[in-house]
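*Asks:*
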Amino acid sequence: MNFQGQHRGPAEPVEPVKHDAVADKPRKSWSSRYAWIGTAASIVLFAVSLGVLWKLVQSVSWAEVRAAVTAATGEQLGLAFLFVGISYLFLTGYDALALRQLRIKVPYRITALASFTSYAVSFTLGFPLLTAGTIRYWIYARQGLSTAKIAALTVI
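In terms of the numbering used here, the sequence shown has 191 at position 58, counting the first letter as 1, and numbering is strictly consecutive.
See the structure below:
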């Protein structure tokens, strides 16, 4: 009823009034708000890994390394490089199988890059879950994989 006692008809819904510009912006999800944490952790882990590598290199006697390499025959070195290459080729299969198990499609060249570099760094520095996980994060995150999928891939 209006102030004269007459009915006007059905009431129309009233839209709420926005009082500030914050109400116009969509809210960020938790994962997008804290996405920088994964990147920061990766950088810290990489820096720690470089520090460990530096300490290891300082304890190496380069004269002994040179003597060992010159004592090996060309055939021995060639076979060593061949089998290392074959070994890393097979290691890329682990990532390919893990991606298949997780039902994620990534081009093989990206899989091979991520697998080779993550295994090479983790075999050199140790701490494979951290070092390999960091390398995989850097490479697979650019392909759109979530942190959870990359962690599952690293653990598999």
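Glycine included, every Cβ here is placed at the ideal spot set by N, Cα and C.
If we count the other Cβ atoms within 10 Å of its Cβ and call it buried at 16 or more, is Leu183 buried or exposed?
*Replies:* In the sequence shown, the residue the question calls residue 183 occupies position 50. It is exposed - the Cβ of Leu183 has fewer than 16 other Cβ atoms within 10 Å.
*Asks:* Contact between the stretch 248 to 262 and the stretch 181 to 196 is defined here as three or more beta-carbon pairs at a separation below 8 Å; is this criterion met?
*Replies:* Yes, the stretch 248 to 262 touches the stretch 181 to 196.
*Asks:* Go ahead and pull the three-state DSSP assignment for Pro261.
*Replies:* In the sequence shown, residue 261 corresponds to position 128, counting from 1. Pro261: helix per DSSP, three-state reduction.
*Asks:* On the three-pair Cβ rule with 8 Å, is the stretch 185 to 194 touching the stretch 273 to 282?
*Replies:* Short answer: they don't touch.
*Asks:* Val239 and Gln209 look like a contact to me (Cβ under 8 Å); what is the Cβ gap, rounded to whole Å?
*Replies:* As a working mapping, residue 239 is identified with position 106 in the sequence shown. As a working mapping, residue 209 is identified with position 76 in the sequence shown. Not a contact, Cβ separation roughly 37 Å.
*Asks:* Does DSSP put Leu186 in a helix, a strand or coil?
*Replies:* Against the sequence shown, residue 186 aligns to sequence position 53. Reduced to three states, the DSSP call for Leu186 is helix.
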